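Written below as structure tokens is the structure these notes are about.
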Amino acid sequence: MAQPFLTQDFQIRWSSLSPSCIQADIQTALQEADANINRLTEQDRGKMNFDSVVLALDESTRHLNEAWGLVQHLDALCNSPELREAHNAMLPQVSAFFAKIPLNEHLWDLLETYSKTEEARDLPPVKKRALKETMESFIQAGADLPPEKKKRLEELESELSQATQKYSENVLDSTNKWELIITDVARLKGMPPSAIEAARAEAIAKGLGSPEEPQYRITLKAPSMIPVMEYAEDESLRKAVWEGSTNIGRGGEHDNTDLVWKILRLRHEKAQIMGKTNFADHVLQQRMAKTGQSALNFIENLHHKVKAAFDRETIQLQEYRADAVGQATDLLQPWEVAFWSEKQRKAEYDFDEEELRPYFPLDKVLGGMFRLAEIVFDLRIVGRDVVYYGSGETGTASTQPGELGPVEVWHPDVKFYEVRNEKGVHIGSFYADWHPRDSKRGGAWMNYLKGGVPPSGDRDRRLHLGLICGNMTPPVDGKPALLTHDEVCTVFHEFGHLLHQLCGNVEIPSLNGVNVYWDFVELPSQLMENFCWERESLDLFARHHETNEPIPAKLFKKVIAAKNYRSASDIMRQLSFGKLDLELHMHHATDEGADLDQLSRQLLKPYLMPLKTENPSMARRFGHLFSSPVGYASGYYSYKWAEVLDADAFTRFQTEGVLNPKVGRDYRDKILSKGNSEDPAKLFKDFMGRDPEPVALLIRAGLA
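FYI, the numbering for the sequence shown is 1 to 704, going by full-length UniProt numbering.
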């Protein structure tokens, strides 16, 4: 393909996306988008209408968004030196282009002029909201600033893009750099057999060990690291892994300390130019919280409600350890917390997380989750055959939505699915990539490569093309991938985001799918996690990988009994992240040169368990905050904010039926399909019939 990144094929020809094509293709896309915007601004003002202004603005950069989205996608999932070089070469140009759009005086004048027309005043509600949101986003990006400030904003966006990209690369590189090779299996005593086998497979994949003398490779990827921290009896092993994790983005060639301060300073300067006191106030204008202080108040109020329970849990864990080892009660080391927490859980509830793993083979989890989507949300999800073409190979795959035949994917682990509504209409498709590898960034996420819209007038339906990714326990030795319950919750979380996108049925692209206020976007994802705790829904997907039996009643009772074990500590951990985020952006963005670790400890002292050895600051590896120009910066509170909403919203399922299709369809119609077409507070009220009740979260956590 001459310009593979500019393909309009629905199913992407991944084998054609060579890094060598990025520069030429993205420059072409930039030129096309620039020409589109010029045509937009030069239109006859006497004939302009909603379609020629607002919709045309959405459409003007669609091909560029899709092409650059492919580059960013590959950067996250198939990272390589060649790809990184090509991505970083174009990053400043792309960032500068998007920064210029709201600063274009002619374009802003067009929007202002149109907003004062009779047609604009009489627009139907959804179109009126689209115009309002577009104008507010332009103002938030500096549209009404004087020229010299606009110029500086463009420079800031380019600097931020480069600084956050480097931060992200440092996290990936320092994570991949660390490994621990074990030659004596006795050091792994206490770890689940599945984790030991996975460590042996990791070593074999690197050409280490032999059947006669096996070796075991531990990495900082979650499926490798977590079993060590929770189960390994060898304290020196846990300490080594803890030290490795704390050095992600810290020290040496991959140190992120200076980048953290640089990013904070650039964001603060951006906020100042915009006439805001701090970056949080700037970002939260178009969020439910509205201001940094209201978000901080939310964090601190919830902190106040769970602090006493958190302190009790801390003391109880210290006392449990002291009794177990026959010593006086003392502070724990950071590499002891997860280990003794798991032991205490098992002692108090006779429950070990590993007991659940055989009931969560990935294929059955996915199959049951799709069945749940059919029963509750009236959707049909069907897998398609896939084919992977390795480097340098070629082949043919289907390129149109309706074609049969294999769909090309970017890695052999990747799957592809089609989603159809209750009428059998194809509304979108998605890729799924669940297992870790060195070229893939950590964490789990949902994204989309093509945004869909419903048919309207003469326009046919445009299909959604999404993706969900994670770093879950991989299969070993031909056995199925057996997930932890936490990993299952993560799969459901990302699937919730995906449903929000795929069910989006708003005719205006900028208001469709997950393009909602950031502190509302986590409601659909977190609501889906609730299905991982209910017997009725668990029976759809929690099936033993050998017998296909559901979770036994006795084990399920133990799961529910242990559900809120250390729940205050779990809540406090999330609150500490939100607190650090807001404090850095509101009150310490200009403290460049300050000791980052000391400042973090000072800010978070009431939020953290006291330890013998204090953890270095999370800020150096906090990708949510620092891996993109905005991302979750000043917005990490959104997880807990939306959790208040999801805890309350799920009570309707619990009251009327966990798998009740009437409730599910109501939820799909009133929240999932609506995108940002109405105020999120109204959408919630439409579904629940009332405003949210914040106490629902504390009740669910057993703290009220």
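Note that beta-carbon positions come from the ideal geometry of N, C-alpha and C, so glycine has one too.
Every value quoted in this text rests on a predicted model; they were computed, and no experiment measured them.
Per-residue burial, residue i [other beta carbons within 10 Å of its own, 16 or more giving buried]
i, result
"P412", "exposed"
"H106", "exposed"
"E592", "exposed"
"P616", "buried"
"D460", "exposed"
"S60", "buried"
"N256", "buried"
"N548", "exposed"
"A309", "buried"
"I26", "buried"
"E202", "buried"
"A271", "buried"
"Q11", "buried"
"Q327", "exposed"
"D281", "buried"
"K47", "exposed"
Residues of its chain near residue i, where Cβ-Cβ distance is below 7 Å and the 5 sequence neighbours each way are ignored
i, result
"P610", "L331"
"P694", "V644"
"A232", "L188, G190, M191 and R238"
"K670", "L683, D686 and F687"
"K206", "R217"
"R535", "F556"
"Y667", "F687"
Nearest-angstrom Cα separation, counted from residue j out to residue i
i, j, result
"N247", "M191", "24 Å"
"K682", "W445", "27 Å"
"N176", "L220", "8 Å"
"A649", "P661", "15 Å"
"C78", "P680", "36 Å"
"E313", "D570", "11 Å"
"F416", "P358", "25 Å"
"R121", "K127", "10 Å"
"E348", "E319", "13 Å"
"P92", "V476", "42 Å"
"residue 785", "D385", "A query on residue 785 cannot be resolved here, the shown segment of the chain reaching from 1 to 704 and no further."
"F577", "R601", "12 Å"
"A56", "Y114", "13 Å"
"P19", "Q165", "17 Å"
"V514", "W242", "36 Å"
"A29", "R39", "15 Å"
Selection from the options that minimises the alpha carbon distance to residue i
i, options, result
"P480", "V365, Y448 and R420", "V365"
"L131", "L110, K150 and P146", "L110"
"L379", "E157, V521, P361 and G504", "G504"
"N65", "R84, D122 and L6", "L6"
"F495", "A203, Q285 and V521", "V521"
"C489", "K563, M135, V241 and P509", "K563"
"M586", "E42, L40, V663 and E269", "E269"
"S673", "D477, Y632, V260 and H497", "H497"
"I218", "E212, L180, E243 and E235", "L180"
"Q8", "P81, R62, L502 and S95", "R62"
"D51", "Q31, P81 and L123", "L123"
"Q501", "K450, P125, E529 and E235", "K450"
"E253", "D184, S174 and D666", "S174"
"H588", "A33, V260 and E546", "V260"
"A96", "S638, A86 and S158", "S158"
"S439", "G249, L30, I699 and S168", "S168"
"A295", "A76, G657, Y636 and V559", "Y636"
"Y565", "P629, S341, K305 and E614", "S341"
Anticipated Cβ contact below 8 Å, residue i with residue j, distance rounded
i, j, result
"N512", "G675", "4 Å"
"A89", "Q23", "6 Å"
"A696", "S567", "Not a contact, Cβ separation roughly 14 Å."
"T134", "V54", "6 Å"
"L284", "S510", "Contact flag wrong, Cβ pair sits at about 19 Å."
Own chain, CB closer than 8 Å to residue i, minus 5 neighbours either side, in chain order
i, result
"M688", "D648, A649 and R652"
"G142", "P102, L103, K149, K150, L153, I273 and M274"
"M288", "Y517, D519, F520, W641, P680 and A681"
"E393", "For E393, the predicted structure reports a pLDDT of 38, less than 50, and the residue's modelled location is therefore unreliable. The matter cannot be settled from this model."
"C532", "H485, V488, C489, F492 and L538"
Sequence-distant residues of its chain with Cβ nearer than 6 Å to residue i (five each side left out)
i, result
"I226", "none"
"I315", "none"
"Q526", "A642, E643 and D646"
"I196", "L188"
"Q3", "D25"
"I699", "none"
"T41", "H106, L107 and L110"
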